[in-house]
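Protein chains in written order, with numbering that gives the first Met the number 0: chain A, 0 to 418; chain B, 0 to 418; chain C, 0 to 354; chain D, 0 to 354.
Using N, Cα and C, we set each Cβ at its ideal position, and we do this for glycine too.
The structure appears below as C-alpha cells.
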Amino acid sequence: MSKPLHNTPMLDQLEGGPWPSFITGIKRLATDEGKSYQPMMIDLLGQLEHSYQTRKGYWKGGTIGVIGYGGGVIPRFSEVASQFPASKEFHTLRIQPPAGMHYNTALIRQLCDVWEKHGSGLIAFHGQSGDIMFQGTTSDNVQSAFDELNEMGFDLGGAGPAVRTGMSCVGAARCEQSCANEQKVLRTLVNNFLDDMHRPALPYKFKFKVSGCPNDCMNSIERADMAIIGTWRDDMKVDQAEVKTFVSKKSRKYVIDNVISRCPTHALSLNDDDSLAVDNRNCVRCMHCINVMTKALSVGDDKGITVLMGGKRTLKIGDLMGTVIIPFMKLETQADYDRLRGIAEATIEFFAENALEHERTGEMIERIGLVNFLEGIGVDVDPNMISEPRQCSYVRTDTWDEEAEKWFTRKAEQQAAAT
Amino acid sequence: MSKPLHNTPMLDQLEGGPWPSFITGIKRLATDEGKSYQPMMIDLLGQLEHSYQTRKGYWKGGTIGVIGYGGGVIPRFSEVASQFPASKEFHTLRIQPPAGMHYNTALIRQLCDVWEKHGSGLIAFHGQSGDIMFQGTTSDNVQSAFDELNEMGFDLGGAGPAVRTGMSCVGAARCEQSCANEQKVLRTLVNNFLDDMHRPALPYKFKFKVSGCPNDCMNSIERADMAIIGTWRDDMKVDQAEVKTFVSKKSRKYVIDNVISRCPTHALSLNDDDSLAVDNRNCVRCMHCINVMTKALSVGDDKGITVLMGGKRTLKIGDLMGTVIIPFMKLETQADYDRLRGIAEATIEFFAENALEHERTGEMIERIGLVNFLEGIGVDVDPNMISEPRQCSYVRTDTWDEEAEKWFTRKAEQQAAAT
Amino acid sequence: MPPRMPIESGVPDPFQYMHPIMVRNYGAWKHHERPRPGVLCHTSKNGEQIWTIRAGTQRQMDVYTIRKLCDIADQYAEGYVRFTIRSNIEFMVSQESKVAPLIDKLTQEGFPVGGTGPSVSMIAHTQGWLHCDIPGTDASGVVKALMDELYEEFIREDMPNRVHITTSCCQINCGGQGDIAINIQHTKPPKINHDLVANVCERPSVVARCPVAAIRPALVNGKPSLEVDEKKCICCGACYPPCPPMQINDPEHSKLAIWVGGNHSNARSKPSFQKLVAAGIPNNPPRWPEAAAIVKKILRVYKEDARDWERLSDWVARIGWPRFFELTELPFTKFHIDNWRGARRSLNASTHIRF
Amino acid sequence: MPPRMPIESGVPDPFQYMHPIMVRNYGAWKHHERPRPGVLCHTSKNGEQIWTIRAGTQRQMDVYTIRKLCDIADQYAEGYVRFTIRSNIEFMVSQESKVAPLIDKLTQEGFPVGGTGPSVSMIAHTQGWLHCDIPGTDASGVVKALMDELYEEFIREDMPNRVHITTSCCQINCGGQGDIAINIQHTKPPKINHDLVANVCERPSVVARCPVAAIRPALVNGKPSLEVDEKKCICCGACYPPCPPMQINDPEHSKLAIWVGGNHSNARSKPSFQKLVAAGIPNNPPRWPEAAAIVKKILRVYKEDARDWERLSDWVARIGWPRFFELTELPFTKFHIDNWRGARRSLNASTHIRF
Ligand code: SRM
Ligand code: SRM
Ligand code: SRM
Ligand code: SRM
Ligand code: SF4
Ligand code: SF4
Ligand code: SF4
Ligand code: SF4
Ligand code: SF4
Ligand code: SF4
Ligand code: SF4
Ligand code: SF4
C-alpha cells in the first residue's frame with residue numbers, strides 16, 4: 000500500500016446510520032490500490048478530518064481553466080498541503096447535464112470512466128445550479144478531463160460573473176402539469192449565451208431556470224435572474240365525475256376544508272350536488288386544487304409562459320424574489336422562441352451595461368426602479384407586474400396624461416389586433 | 000341690510016342636490032339680520048367664492064390662544080382681508096366632546112347659544128380627530144367663547160405638538176361587540192395628559208384612539224399614535240341553534256362561501272349537521288364571522304385590550320400602521336387602568352425625550368427600531384408583535400444565549416405565577 | 000381682577016348626556032339587527048331594545064340647522080342624539096313605533112336617513128378652503144357634490160359591504176385611509192417667494208421636512224433663502240406648512256388623485272393602506288364632475304362584481320388589480336408602480352395571475 | 000499542434016438519454032398516482048404508463064457507487080435514470096411488475112426509496128469543507144447526519160405536505176430557501192490579517208461588498224489595509240470571499256441558525272422567504288446533534304399539528320408564530336424582530352392575535 004490512511008475518527012462516525020455515506024465512498028476511492036486518485040483521496044480524507052477537528056476549511060481559490068474558456072472550473076489549492084500533499088490541488092469541473100437531468104447507464108458509465116482516469120473518482124449529481132460536478136483533479140488533468148467530456152458532447156457550465164448553468168424540470172417528459180417544453184426553453188436560452196457563459200465578463204452571475212408550471216419545482220422565482228414558468232390562459236379542465244368520486248371518497252367536509260377554502264382567490268365552490276364550480280376568471284393558476292385532485296382537475300389547453308426576473312439569494316441587500324416581467328406569452332412557433340430569446344438578450348445587454356460590479360439583476364432593478372428597467376429592455380408596464388399599486392402619495396405625476404395616453408393607445412391597438 | 004351679499008355663482012351650485020348644503024347654512028347666517036356674525040359670514044362667503052373662482056386658499060396662521068393654554072385654537076387670518084374685511088379673522092376652537100359623542104338636545108342648544116353669541120354660528124360635528132369645531136370667531140371673542148364653554152364643563156382639545164383630542168367608539172353604550180369600557184379608557188388616558196395637551200411641548204402630536212373591538216370603528220390602528228382595541232381571550236360564544244337557523248335561511252353554499260372560507264385562519268368548519276366548528280385556538284378575533292352571524296356568534300367573556308403604537312398618516316416616511324405593543328391585558332380593576340396609564344406615560348416620556356422635532360411616535364420607532372423602543376418603555380419582546388420573524392440573515396447574534404435565557408426565565412416566571 | 004384660569008376638565012363624562020336605555024344597558028348588549036336602511040335595533044341581555052335612526056348632515060352646520068335637528072330630536076325622538084365618526088347624527092328611541100315618523104320627518108326636512116350596513120356612508124370631511132391654511136381644494140364642497148351623487152347609495156343598503164370614502168384637501172391627508180379616497184396630488188414643485196423666506200421660515204426645519212432631501216439653504220439675491228432641486232422634488236407640499244413662501248398650491252397643477260382599498264377594520268384581512276388608482280384629475284369646483292364620475296364608476300363595478308361582505312379591498316384582492324383597471328377602464332401607468340420605501344413588496348413575485 | 004479548442008455545445012439534448020416512454024409521451028401526460036412512497040405512476044393521454052422509483056443518494060458519489068446504481072438500473076430497471084433537483088435518483092420502468100424487485104434491490108444495497116409526496120426529501124446540499132474556499136461548516140456531513148435522523152421521514156409519506164430542507168455552509172447561502180434551512184450564522188467580526196490585505200485584496204471592491212458600510216480603507220503599521228467598524232459590522236462574512244485575509248470563520252463563534260417557512264411553490268400562497276427561528280446553535284461535527292434535535296422537534300410538531308396539504312409556511316400562517324415558538328419550545332428573542340430593509344412590513348399591524 001503506497002500511503003497509509005490518516006486517522007479519521009470523526010469522519011468514521013459518518014459511516015454509520017441508514018443514509019448512504021459519502022465517507023464510505025471516498026474511503027473506497029482512498030483504498031483503491033493502484034488508482035491514480037488513491038493518494039489524493041487519502042490526503043483529502045486527512046484534510047477533511049482536519050477540518051472536522053478544527054472546525055475550519057482549508058481550501059483557497061486560484062486561476063485554473065481550459066483553453067478557450069475563462070470559467071467553468073473551480074480551482075482549489077490546499078492551505079494545509081504540507082500535511083496533505085497529495086490533495087494540494089483539488090479542482091472541480093462544472094459540466095452541464097442534459098436538460099432535465101436524463102441519463103442512460105451507458106452515458107453515466109462513460110462519465111465515470113473519464114473521471115476515474117483524469118480525476119478523483121468523486122462526482123456530485125448535481126450542484127445546486129444543476130451542474131454535474133466532477134470534484135477534484137489536479138491542475139495538470141483539468142484540460143484532458145475536459146477534452147474527453149467535451150468530445151462526448153458535454154460542455155463546461157458557468158462560474159464567475161457569467162451566464163450560469165441553468166435548470167429545467169422534468170416537465171413535459173413525465174409530468175401532466177407541464178405547460179411548456181422546458182428542455183427547449185432551457186436550451187434555447189442558455190445555448191444562446193455560451194459566449195457570456197464561457198468568457199465571464201458580465202457585472203455578476205446571471206441564471207436561467209425553467210419550471211413547467213407554477214409548482215415551480217426548479218425554485219426559479221427565487222433562484223434565477225430570469226425564471227420561465229409554464230402556465231395557461233383558458234379554463235382549467237374539470238372532470239366532474241372524478242370530482243364526485245373524490246368528494247365521496249374524502250367527504251364533503253374534507254374537500255371544503257382542504258380544497259375549497261384553501262383557494263387563494265376564493266375561486267372554488269362546491270355545489271350541493273358535489274360538483275365543483277370553478278371561477279376561472281379569478282383563478283390565479285396556483286395549482287393547489289389541481290395538485291390535490293390530480294385526476295379530476297388539470298391545466299388548460301391554451302398554454303404559455305410567465306417570465307419573472309431578479310431572483311437571487313442574500314448578497315448584498317437580502318434575498319430577492321423575481322418580479323413578473325412578461326405575464327403571459329405563447330411559446331409555440333419559432334417566432335415565439337425568438338421573441339423569448341430577444342427578451343433575454345435585451346436583459347443581459349442592459350444588465351451588462353447598467354449593473355454595478357457584483358450587482359445582480361434583481362439588485363439593479365431595486366436600485367434603478369422597475370420602471371427604468373422595463374424601459375431599458377423595451378417592455379411596457381403591466382398591472383400583472385405588481386401585487387398592488389403604490390400606497391404612498393410621494394410621487395411626481397406631471398406627465399400623467401401622456402402616460403395614460405400610452406395605455407389607451409396600447410389597449411386600442413390590442414383591441415384592433417384582436418378583431 | 001347692513002352689507003350686501005357677494006355674488007357667489009359657484010357656491011350657489013352647491014345649494015342644489017339632495018344632500019344637506021353647508022352653503023345654504025352659511026347663507027342663512029349671512030342673511031341673519033342684526034346678528035353679530037352676519038358681516039363675517041357675508042365676507043366668508045365672498046372669500047370662499049373667491050377661492051372657488053381662483054382655486055386657491057386664502058387663510059394664513061398666526062398665534063391666538065386662551066389664557067393658561069398654549070394650544071387648542073386654530074388661528075386664521077385672511078390674506079384677502081382688503082376685499083373681505085369682516086372675515087379677516089376666522090379662528091376655530093377645538094372643543095372636546097363627551098366621550099362617544101353623546102349629547103342631549105339641551106346641551107346642544109346651549110352650545111349653539113354660545114357660538115351664536117361669541118362666534119360665527121357655524122359648528123362642525125366633528126373634526127377628524129373628534130373635536131367639536133367651533134368654526135370662526137375674531138381674536139377678541141376667543142377667550143369669552145372659551146370661558147363660557149369651559150364653565151359648561153367643556154375643555155379645549157389639542158393642537159400643535161401636543162397630546163391631541165382622542166376618540167372612542169359608541170361601544171359598550173350600544174354595541175354588542177364591545178370588549179372594553181371605551182369611554183373610561185379614553186378619559187383615563189387623555190385626562191391624564193391634559194398638561195401635555197394644553198401646553199404643547201412634545202416633539203410632535205400624539206393621539207389616542209379607542210375601539211371596543213377589532214372592527215376598529217375609530218380607525219385607531221392607522222390614525223392613532225396609541226390605539227387601544229378591545230378583544231377577548233376565551234372562546235367565542237356559539238349559539239348552535241341560531242347557526243342552524245342562519246344556514247337554513249342562507250343555504251349551506253352561502254355560508255361556506257361567505258363565512259367559512261373567508262376566515263383568515265381557516266378556523267371555521269361547517270359540520271355535516273349544519274352546526275359550526277370553531278377552532279378557537281387559531282381564531283384571530285378578526286370579527287368577520289361574528290359580524291355576519293350577529294345572533295349566532297358573539298365575543299367571549301374573558302375580555303381585555305390590545306395596544307398598538309405608531310399609527311399615523313403620510314409625513315414624512317409614508318403612512319404607518321400601529322404595531323402591537325401589548326398583545327393582551329385585562330382592564331377591570333383600578334390597578335389595570337393604572338397599568339395602562341403607566342404604559343402611556345412611559346411612552347410619551349420616551350417620545351418626548353427621543354423623537355426628533357416633528358417626528359411622530361411611529362417614525363421614531365421606525366428610526367430607532369422596535370426593540371430599542373420596547374426597551375425604552377420597559378416592555379418585553381413578544382412574538383405577537385410581529386407577523387413573522389426576520390427574513391434576512393444580516394443580523395448580529397453574539398448575545399443569543401443571554402437573550403434566549405431572558406425568554407426562558409420569563410416563561411418560567413409566568414408558569415410559576417400561573418400555578 | 001386676575002384673569003380667569005381654565006378648568007382643565009378634559010374629556011367630559013358622557014353618561015350625563017346618554018340615552019337612559021344606553022346607560023342602563025351599558026356593556027350588556029346582545030345583538031343587533033337592521034330593520035331597514037338607516038335603522039339599527041340593538042337588544043340587550045336584559046331584554047331591552049333601542050332603535051337608532053341615522054341621518055346624514057353637512058358636518059359644518061349653522062346653528063339653525065343644528066337647532067332644527069334638536070327640535071326633531073325633541074318632538075320625534077327622545078331628546079338624545081349622538082354623532083358618528085362620519086358626522087352622521089343618530090337619534091335613539093325606545094319604541095319601534097317612533098321610527099317611521101322620525102324617518103319621515105327627517106326626510107321631509109332634507110336629512111337623508113341611511114349610512115348603515117352595506118351602504119356608502121357620509122364622506123370623511125376636512126377643512127379645505129373654508130378654513131385651512133394650506134388646502135389645494137375645498138372639502139365641504141367636494142363632500143357635498145359627491146354626496147349629492149351618492150345619495151341613493153347612502154339611503155339604500157345595496158353595496159356588497161360598507162363603503163367608507165374620505166377626502167383630503169392637501170397631501171397631508173387629514174382625511175385618513177378610505178375604501179375610496181379623493182385627495183390632492185400636486186404636480187409641480189413649490190414656487191418660492193424668496194423675499195419672504197428669511198422672515199417667515201426657520202430654514203433648518205424646512206430643510207428637515209422634505210422627504211426626499213430636495214431642499215437646501217441658499218442665498219438668493221443676497222438674502223438667505225431656500226432652493227429646491229426640482230429633479231428630486233416629488234411635489235408633496237410638505238415644505239409649505241412650515242414655510243408658506245414655498246407656494247405649492249396651483250390652480251391648474253394641483254390635481255386630484257383617487258385611491259382605493261384603504262381598510263381600517265381587522266375583519267378578515269389585516270388593515271390595509273389604500274392604493275393609487277387615478278391621478279391627474281382636474282380640481283374642478285364647484286362640483287368636481289371628473290372626480291365624481293370616477294368614484295361612481297368604481298362603485299358601480301364594485302357593486303356589480305363583489306360578493307357579500309367583501310370590502311373594496313377584499314374584492315380587489317380576489318379579482319386582482321389588472322381586472323380592477325379593466326373593469327373601471329382606468330389607465331394603468333408607470334406611476335402605479337410603487338417606488339417609495341419597501342416598494343419591492345408591492346411587486347408580483349409569483350405566477351399568481353388571472354387571465 | 001495547435002491547442003484543441005472547445006466545442007461550445009452548451010446544454011445537451013436530453014432526448015438521446017431519455018426513457019423511450021417519456022420520449023413517446025412527451026407533453027402528453029394525463030395524471031399521476033403514488034402507489035406507495037417513493038413510487039410515481041404517470042399515465043399519458045395515449046394510455047401508456049410509466050413507473051418512477053425514487054431513491055436517495057449521497058450526492059457526492061464515488062464511481063463505485065455510481066456504477067452500482069447503473070448496474071441496478073440495467074438489471075432491475077430499463078437502463079434509464081434521471082436525477083432530481085434534490086440529488087435523488089429516479090429509475091423509470093414500463094411495467095408495474097418491476098417496481099417491487101427494484102425497490103427491494105435498492106433497499107438491500109442501502110439506497111432508501113422515498114422522497115415523494117408528503118415526505119421529507121433529500122436535503123439540498125452544498126460544498127462545505129470538502130471543497131469550498133469560504134465554508135463555516137461542512138455540507139455533506141451535515142446532510143448525512145441529518146438524513147440518518149430523517150430516514151423514516153424520507154421513506155414514508157406521513158408528513159402533512161412535502162418538506163424541503165436546505166443547508167448552507169456560509170451566509171452566502173448557496174442552499175437556497177427551504178421549509179427548514181440550517182445555515183451558518185457568524186457572530187464575530189472578521190479578524191484581519193493586515194499583512195496580507197495589500198497583496199491579496201482589491202480594497203475598493205471589498206469596501207463595496209459590505210452591506211452595512213462597515214469597512215473603510217486604512218493604513219495599518221504603515222501598510223494599506225482595511226478597518227472594520229465593529230459596532231456596525233453584522234458579521235455576515237460578505238467581505239471574506241473577495242478578501243480572504245478578513246477571516247470570518249471561527250471554530251467557536253461561527254454558529255448555526257435554523258430558518259423555516261421558505262416556499263418556492265405558487266401553490267396556495269405566493270412564494271415566501273424563510274424566517275429565522277433559532278440561532279446560536281453550536282457548529283458541532285461530525286453529527287451536529289443540537290441542530291438535528293431542533294429540526295426533528297420542528298418536524299414533529301408540524302406533523303402533529305398541520306393539516307393535509309399545509310406546507311410548513313401554510314401551517315405557521317394558520318397557527319401563528321407565537322404558537323410556533325410555544326410548540327417548538329424555542330426561545331423568542333429580540334433577534335427575531337426584523338430590522339433589515341422593509342422590516343416594518345413584518346410587524347403586526349393588526350389585532351390578529353391568537354390566545
Ligand atoms: C356608529 C359607528 C361608531 C361610532 O362610534 O361612531 C359604528 C357603528 C357600528 N359599526 Fe362600525 N361604526 C362606525 C364607523 C366605522 C369605521 C370608521 C369609519 O367609518 O371611518 C369602521 C372602519 C372602516 C374601515 O375599515 O375603513 C367601521 C368598521 C365596522 C365593521 C367592519 C366592516 C368590514 O367588514 O370591514 C363592522 C362590522 C359590520 O359591518 O358588521 C362595523 C359594525 C358596526 C356596528 C354594526 C356595530 C354594532 O354591532 O353596533 C355598528 C352599526 C354599524 C352600521 O352602520 O350598520 N363597523 N365602522 C361609526 C359609524 C360611522 C358612520 O356614520 O358611517
Ligand atoms: C381640522 C382637521 C380636519 C377636519 O376638518 O376635520 C385637521 C386640520 C388640520 N390638520 Fe390634520 N386635521 C384633522 C385631523 C387629522 C387626522 C385624523 C385623525 O386625527 O384621525 C390626521 C391623520 C392622522 C394622523 O394624526 O396622522 C391628520 C393629519 C395631519 C397631519 C399629518 C400628520 C403626520 O404625521 O403625517 C398634519 C401636518 C402637521 O401636523 O404638521 C396635519 C395638520 C393639520 C393642520 C393643522 C394644517 C396646518 O399645518 O396648518 C390643519 C388645520 C386646519 C384648520 O384650519 O382647522 N394634520 N389630521 C382635523 C382635526 C379636527 C379635530 O380636532 O377634530
Ligand atoms: C422530480 C422533481 C422535479 C425535477 O425535475 O427534478 C419534482 C417532481 C414533481 N413535483 Fe415537485 N419536484 C421536484 C422538486 C420540487 C421543488 C424544488 C425543491 O425540492 O427544492 C418544489 C418547490 C419547493 C418549494 O416550494 O420550496 C416542488 C414543488 C412541488 C409542488 C408544490 C407543493 C406545495 O404544495 O407547495 C408540487 C405539487 C404537489 O405536491 O402535488 C409538486 C409536484 C410534483 C409532481 C407530483 C409533479 C407531477 O405531477 O409529476 C412530481 C412528483 C413529485 C413527488 O415527489 O411526488 N412539486 N417540487 C423534483 C423532485 C425533488 C426531490 O427529489 O425531492
Ligand atoms: C457548488 C455550489 C454549491 C453546491 O455544492 O451545489 C456553489 C458553490 C459556490 N457558490 Fe454558490 N454554489 C452553487 C449554487 C448556488 C445557488 C443555487 C442556485 O443556483 O440555484 C445560489 C443561490 C441562487 C443565486 O444565484 O442567488 C448560490 C449563491 C451564491 C452566491 C450569492 C449570490 C448572490 O447574489 O447573493 C455566491 C457569492 C458570489 O457569487 O460572490 C456564491 C458563490 C459560490 C462559490 C463560488 C464561493 C466563492 O465565492 O468562492 C462556491 C464555490 C464552491 C466550490 O468550491 O465549488 N454562490 N450558489 C453550487 C453550484 C454548483 C453548480 O454549478 O451546479
Ligand atoms: S414544475 Fe410543474 S411541470 Fe415541472 S415537474 Fe414540477 S409540477 Fe411538473
Ligand atoms: S388553481 Fe389555485 S387559484 Fe386556481 S382554482 Fe385552484 S386553488 Fe384556486
Ligand atoms: S369598534 Fe367594535 S365595539 Fe366599537 S362600535 Fe365598532 S363594532 Fe362596536
Ligand atoms: S372571528 Fe375571524 S378569525 Fe375568528 S373564527 Fe371568525 S372569521 Fe375566523
Ligand atoms: S388635508 Fe391638508 S388642507 Fe385639508 S384640512 Fe388637513 S391639513 Fe388642511
Ligand atoms: S414639495 Fe415636497 S419634495 Fe418638493 S421640496 Fe417641498 S417637501 Fe421637498
Ligand atoms: S454556502 Fe458558502 S461555503 Fe457553502 S458552498 Fe456556497 S459559498 Fe461555499
Ligand atoms: S462581516 Fe459583513 S458586515 Fe462585517 S465587515 Fe464584513 S461585510 Fe461588513
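- With a threshold of 16 other beta carbon atoms within 10 Å, C:P189 meets it and is buried.
- Straight-line spacing of the CA atoms in C:G78 and C:A72 works out to 5 Å.
- Taking C-beta separations shorter than 7 Å and ignoring five residues to either side along the sequence, the partners of B:L47 in its chain run L10, following chain order.
- Remark: the C-beta of A:L193 is outside contact range of ligand 4, defined as less than 6 Å to any heavy atom.
- Within chain C, the residues placing a beta-carbon under 9 Å from that of B:D154 are P5, I6, E7, S8, G9, V10, P11, ordered along the chain.
- In this structure, C:P159 has its CB at a distance of at least 6 Å from all heavy atoms of ligand 11.
- In this chain, the beta strand (DSSP E) harbouring B:P326 covers 322 to 328.
- Listed along the chain, the chain D residues whose CB falls inside 9 Å of the CB of C:R343 are R340, G341.
- For C:W308, no beta strand (DSSP E) encloses it, and the DSSP letter there is neither H nor E.
- By a beta-carbon distance limit of 8 Å, A:R284 does not contact A:P382. Their separation comes to about 16 Å.
- Judged by the Cβ position, A:G170 qualifies as a neighbour of ligand 5 at the 6 Å threshold, a heavy atom of the ligand being closer than this.
- A straight-line Cα-Cα distance of about 13 Å links D:K67 and D:L101.
- Contact annotation: D:F331 and B:W406 have beta-carbon atoms nearer than 7 Å.
- The beta carbon of D:P111 is closer than 7 Å to those of A54, G55, Y150, F153, I154 in its chain, skipping five residues each way along the sequence.
- In this structure, DSSP gives B:S20 a state outside helix and strand, which the three-state scheme calls coil.
- No Cβ of chain B is located within less than 7 Å of the beta carbon of C:N262.
- If you draw a straight line from the Cα of B:D379 to the Cα of A:K183, it comes to about 56 Å.
- Contact with chain A is absent for C:F110, since none of that chain's Cβ atoms lies less than 7 Å from the residue's Cβ.
- Below the 8 Å Cβ cutoff, chain A contributes H101, A172, R173 as neighbours of D:M21, in chain order.
- B:E331 has its alpha-carbon roughly 41 Å from the corresponding atom of C:Q170.
- Every unbroken stretch of the alpha helix (DSSP H) spanning 4 or more residues and falling wholly within the region 135 to 162 of chain A is given here in chain order: 141 to 150.
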